[in-house]
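Trainee: Using my numbering, the first residue of the sequence shown is number 357, and each one after it goes up by one.
Built from N, CA and C at the ideal position, the CB exists for glycine as well.
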Amino acid sequence: MVFVNSDGEPPFERDIRVYPLNPETPQQPFININILSSNLDPMAYPILFPYGEPGWQPNWRCESYQGAQGNQSRVNLTMLQYKSALTETTSI
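Below is the structure:
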């Protein structure tokens with residue numbers, strides 16, 4: 357993938373396009389998957405998700421995460437926190 361932006365970051369408004377082998381409707385030969393979809397991680401990283409379990413998704417809550425102030429509040433789990441925990445559990 358190639359993104360060209362003035363700040364070098366990929367645009368947030370982007371989708372992944374999947375072309376099924378046998379589309380249900382030939383008029384639409386592809387499916388757009390939003391980058392925030394929980395189905396994207398298993399498709400992009402099949403070794404990390406061998407059973408197709410869902411990946412990160414917005415508004416995931418982590419009840420045991422200690423926030424910046426050290427309180428046990430319910431907070432959303434960020435994609436960075438999820439990916440970091442995933443790589444910690446799969447690394448040797």
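1) Are D363 and I391 touching if we call contact CB-CB under 8 Å?
2) Here's the rule: buried if 16 or more other CB atoms are within 10 angstroms of the residue's CB, otherwise exposed. What is N361?
3) How many angstroms separate the CA atom of L377 from the CA atom of I387?
4) Evaluate G411 with the Cβ neighbour count: other Cβ atoms within 10 Å of its Cβ, from every protein chain shown; 16 or more gives buried, anything less gives exposed.
5) When we look at the beta-carbon of L436 and count the other beta-carbons within 10 Å, is it buried (16 or more) or exposed?
6) Are the beta-carbon atoms of P398 and F405 separated by less than 8 Å?
7) Per DSSP, R417 forms a beta bridge with which residues?
8) Could you give the DSSP three-state label for D397: helix, strand or coil?
Mentor: Per the coordinate set shown:
1) no
2) exposed
3) 11 Å
4) buried
5) exposed
6) yes
7) N432
8) helix
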